[in-house]
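Quick mapping for you: the protein sequence lines, in order, are chains A and B. If you read the first sequence in this note's numbering, its first letter stands for residue 1, the second for the next number, and so on. If you read the second sequence in this note's numbering, its first letter stands for residue 1, the second for the next number, and so on. We put the CB at the ideal spot given by N, CA and C, even for glycine.
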Amino acid sequence: KAGVTQTPRYLIKTRGQQVTLSCSPISGHRSVSWYQQTPGQGLQFLFEYFSETQRNKGNFPGRFSGRQFSNSRSEMNVSTLELGDSALYLCASSLRGDNTDTQYFGPGTRLTVL
Amino acid sequence: LAKTTQPISMDSYEGQEVNITCSHNNIATNDYITWYQQFPSQGPRFIIQGYKTKVTNEVASLFIPADRKSSTLSLPRVSLSDTAVYYCLVAPHGSSNTGKLIFGQGTTLQVKP
Numbered sequence: 001k002a003g004v005t006q007t008p009r010y011l012i013k014t015r016g017q018q019v020t021l022s023c024s025p026i027s028g029h030r031s032v033s034w035y036q037q038t039p040g041q042g043l044q045f046l047f048e049y050f051s052e053t054q055r056n057k058g059n060f061p062g063r064f065s066g067r068q069f070s071n072s073r074s075e076m077n078v079s080t081l082e083l084g085d086s087a088l089y090l091c092a093s094s095l096r097g098d099n100t101d102t103q104y105f106g107p108g109t110r111l112t113v114l
Numbered sequence: 001l002a003k004t005t006q007p008i009s010m011d012s013y014e015g016q017e018v019n020i021t022c023s024h025n026n027i028a029t030n031d032y033i034t035w036y037q038q039f040p041s042q043g044p045r046f047i048i049q050g051y052k053t054k055v056t057n058e059v060a061s062l063f064i065p066a067d068r069k070s071s072t073l074s075l076p077r078v079s080l081s082d083t084a085v086y087y088c089l090v091a092p093h094g095s096s097n098t099g100k101l102i103f104g105q106g107t108t109l110q111v112k113p
């Protein structure tokens, strides 16, 4: 069974631009969560989608948004990029999104904002 | 949600058994304990999960005492490839806080030859 895939793997943008990251979950998984990882803040939860609906959201500004499609694929968008948005963005999929479900993480997208 | 405390770093040598202890003093009745492993520039990977006593799988064992205020991840005979960050997470089963894993700072394990 194929794992979680994320595209692109690396991205370089400049301040003020916007970016869209993509995540394809494991087949059959309906929950997709997004995380931001930085050296200073560690792994932080952004949001979770299930059946095209955002069910949970972390403490990030509105510049961070996402959506999920009917095939469970998900996209994350960051508008008006800031230097502090440079990070590894990880998505994870699970069957139901229950806290005790195993989350399977993708390899991440490394975003660099110049 | 229960707060977890684990050592920031640990060193070991190849072939040794490594035990990483996580403290979670205010764990709730319906909380489960889960451990993830992360290599540099990769996403975390599930290792093991348990509720009480002992759980064992092909890569690790998880020991949870009766009071459940701590847990110990045991890695038998580590190799250089076990060098990674290990995260202890505590979360309730069936919570409405869906899809959200709360990661602490983790324990950086360095395995030396």
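Interface flag, residue i vs chain B, CB-CB below 7 Å
i     : result
A:N99 : yes
A:S70 : no
Buried versus exposed call for residue i [16 or more other C-beta atoms within 10 Å across all chains shown]
i      : result
B:H93  : exposed
B:Y36  : buried
A:A87  : buried
A:G106 : buried
A:N56  : buried
A:G62  : exposed
B:Y13  : exposed
A:F50  : buried
A:G84  : exposed
B:V59  : exposed
A:T109 : buried
A:A2   : exposed
A:R15  : exposed
A:Q6   : buried
B:P44  : buried
B:D31  : buried
B:F39  : exposed
Within chain A, the residues that residue i reaches when beta carbons sit closer than 9 Å
i      : result
B:Q105 : G42
B:Q49  : T100, T102
Per-residue contacts from residue i into chain B (C-beta, under 7 Å)
i     : result
A:L90 : G43
A:S24 : Under the 7 Å cutoff, chain B gives no residues; its nearest Cβ is about 14 Å from A:S24.
is_contact[residue i, chain A] using C-beta, thresh 7 Å
i     : result
B:A60 : no
Under 8 Å by beta carbon: chain B residues contacting residue i
i     : result
A:E48 : T98, G99, K100
A:N56 : N97, T98, G99, K100
Contact list for residue i against chain A, beta-carbon separation under 7 Å
i     : result
B:P92 : N99
B:Y32 : T100
First and last residue of the uninterrupted beta strand (DSSP E) at residue i
i      : result
A:A87  : 87-94
B:T53  : 53-56
A:S74  : 74-78
B:K112 : 107-112
B:S74  : 70-75
A:L111 : 109-113
A:V116 : Outside the shown range of chain A (1 to 114) lies residue 116 of chain A, about which nothing can therefore be said.
B:Q38  : 31-38
A:E48  : 42-50
A:T53  : 53-57
A:K13  : 10-13
A:I26  : Taken as a continuous stretch (DSSP letters only), A:I26 belongs to no beta strand (DSSP E), as it is neither H nor E.
B:T21  : 18-23
B:D11  : 9-13
A:F60  : Element bounds for A:F60: n/a, residue is neither H nor E.
B:F63  : 61-64
B:L89  : 84-92
B:Q49  : 45-50
9 Å Cβ cut-off: residues of chain B touching residue i
i      : result
A:S107 : Here the sequence assigns Pro to residue 107 of chain A, which means Ser is not the residue at that position. Residues of chain B passing the Cβ test: S41, Q42, G43.
A:F45  : G99, K100, L101, I102, F103
A:S31  : T98, G99
Cross-chain neighbours of residue i in chain A, by beta carbon under 8 Å
i     : result
B:F46 : T102, Q103, Y104
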